[in-house]
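For reference, the structure is listed below as C-alpha cells.
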Amino acid sequence: MAIIYPDISRTFSEYLLLPNLTTKDCTPENIDLRTPITKFAKGEKPAITLNIPIVSAIMQAVSNDTLAIALAKCGGLSFIYCSQPIEEQAEMVRKVKKHKSGFVVSDSNVSVNHTLRDVLAIKEKTGHSTIAVTDDGTANGKLLGIVTGRDYRLSRDPLDKKVSEFMTPFKDLIVGYVGITLSEANDIIWEHKLNALPIIDKDQRLQYLVFRKDYEEHKQNPLQLMDDKKRLMVGAGINTRDYKERVPALLEAEVDILCVDSSDGFSEYQRETIQYIKENYPDAKIGGGNVVDREGFMYLVESGADFVKVGIGGGSICITREQKGIGRGQASAVIEVAQARDEYFEKTGIYIPICSDGGIVHDYHVTLALAMGADFVMMGRYFARFDESPNKKVKRGNSYVKEYWGEGSNRARNWQRYDQGGSVHMKFEEGVDSYVPYAGKLKDNLEVTLSKIRSTMSSCGAKSIKHLQETARLVLVSSTSLIEGGAHDIILKDSEY
Ligand code: RVP
C-alpha cells in the first residue's frame, strides 16, 4: 500500500520567527553571512564558502555572465544556465573568470572600416559610449584607436562616415600595459582626466579597459567572492545527457562549481552523472538536486554530491505540481532535508550544505529558509528583475517589466533538463512564460535584502547563519494572523478611499 504522510506540506509564508534576546554585540554590522557551499569534514574548512547565502538560478532568463559578475561582486554566486550549446556556456564562464574587478573586457568594439552608424548601433545595444577600435573589430585585436562621444557630432557628421576618419588614433591615446595595478591605472586616469584607460599587451593587443567609475565601485565591494587567483567565482549548470562533453569544456573554462539542473533529482540518471564526474574529475565540485525529502537527499549524498538542492514545484514560474502532481511545500521540504543533513553529520562527521531553491517571495523568506536549516538559497524571479540579467526589459502601460520564463517552458525548449529518458519531457510544459516588475540595479536591491536579513538575525540574537540554525524559534501562523501582520484597519494615504 502507498505511504500516506499525515503532515501538511507547508510554505514559507506559514511561518514567523520569534525574536530571541538581542545582545549588545549582535548589531547588523556584526553579523557574518558567510556560509559553506561544498561538503566538508568536521574541523575542516569547505573548499568554497559564499560571502552571502544567495545564488542565482540556472535559468536562461537569469544567470549569464553579466549577472554572474554583478552577483559575485556582492559576495554571491551564479550558476550559468546550461540550456544552451556547450561552447556558449563555457564562453560565459570564461568571461566571468577573465573579469578582473575594475578591468573590463571591452564589449563594444569596431574596426576602422565600420561607420558612425555602426558605432551608434553598438552604443544603443550596450549602453556604452567608449568604443574600442581594433584591427579585427574584436575585444582582443590590435588597438588602433578609441571612439567616444567627443569624437563625432551627430548634427554634422554623415552616418556612413568611416571610423578611421573620426576616431582618436592610437598615437594620441594614453594607454597602460598588462601588469599595471588598478590603483596605478586609476592614478593615470585622474592625472590625465580620462574616462577610460585601455590596457594593452606588448603586441599592442587590447586586453582590458579601466573605467574611472569602476575603480570607485571596486572599493565599494568588500564582500566580492574571489578564487585564490583573485578572480570572481562562478558556477554552471549541467544536465544528465551531454555531461561527458559539457563538463570538460566548463572545467577548461575554469568554472568553480557545477550543479546538475533537474526538476527531479532522485534518479539513477543523476547518480550516474555525479559518479562519472567524481571518478573522472576528482577535484571538481558538483551539487545535485532537486529533492524534497530525506530519501532523495541521502541518495544524492551517497552518489557523491558536494551540496544538495531542495525544492520541487515552488518556483514562481513552475507548474510542475499542477502538471505532474509531484512536489512539496518548500518549508516542509527544507525542514526535513535539513534534519537528514544534521543526522548525517552527527553520524559521519561530514557536513553537506543544502540549498533552498525556489519560492522565495519576500526578503524575510530568505531568513526563514536559513533558520529552517538551509545553508543558502537559490532565486530566479528575484534576479530576473534586475538590469544585469539577460532577459528583455519591456514597457507595459506606465511601467517597465522584464520577461521571465521557466526552464521547463516551451520557450526554454525543455533543453535536456528532465531525467526520465526517452522523449516524454517534450510533450507538456512544466513552466510558464511571464513578466516580472523591473527593479533596477542588482547591487541596490541586494543591499536592501541583505540589510533586512541582518536585521532579522539581529532580532533573533544570531551572529552567524549556523547560530541562527541552532537557536531560531519558528511558529506557524494562522490565516487571520497573516491579515494582522500587514497594514490593516487603516486608510492608506495613497488609496482611493
Ligand atoms: P523562483 O525564484 O521562485 O522564481 O524559482 C526559481 C527556481 O524555479 C529555479 O531555480 C528552478 O529550480 C525552478 N524552475 C526553473 N524553471 C522551472 C520550470 O520551468 N518549471 N522551474
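In this text, residue positions in the sequence shown follow the working numbering: the first is 23, and each later residue adds one.
Built from N, CA and C at the ideal position, the CB exists for glycine as well.
Item	Value
Where E506 sits in the DSSP three-state scheme	helix
Where the beta strand (DSSP E) containing S431 begins and where it ends	No beta strand (DSSP E) holds S431; DSSP gives it neither H nor E.
I428: CB within 7 Å of a non-hydrogen atom of the ligand RVP	Looking at the sequence provided, one finds Gly at residue 428 rather than Ile. It does: the Cβ of G428 is within 7 Å (strictly closer) of some heavy atom of the ligand RVP.
Stretch-stretch touch, CB-based, cutoff 8 Å, three pairs: the stretch 404-412 with the stretch 60-67	no
Inter-residue Cα distance where the pair is R263 and L181	49 Å
Beta-carbon proximity of T152 to N217, cut-off 8 Å	yes
Residue from E451, L272, V155 with nearest C-alpha to S133	V155
Beta-bridge pairing of V282 - partner residues as DSSP gives them	I260
Residue burial classification, Q242 (beta-carbon count within 10 angstroms, cutoff 16)	exposed
Y298 versus F192 - alpha carbon distance	51 Å
Alpha helix (DSSP H) segments (min. 4 residues) lying fully within the stretch 303-347	316-325, 342-346
The ligand RVP heavy atom lying under 7 Å from the CB of T342	yes
Element boundaries [beta strand (DSSP E), containing S456]	455-459
Nearest candidate by alpha-carbon position, reference V200, set V84, P220, I487	P220
Beta-carbon gap between D526 and H150 smaller than 8 Å	Since the displayed the chain opens at 23 and closes at 519, residue 526 lies outside it and no answer follows.
Three-state secondary structure (DSSP) of F34	helix
Outcome for R268 when other beta-carbon atoms lying within 10 angstroms are tallied against a minimum of 16	buried
As assigned by DSSP and simplified to three states, the class of T148	helix
Distance cut-off 7 Å: E410 Cβ against heavy atoms of the ligand RVP	no
Separation of P304 from E410, as counted between CA atoms	33 Å
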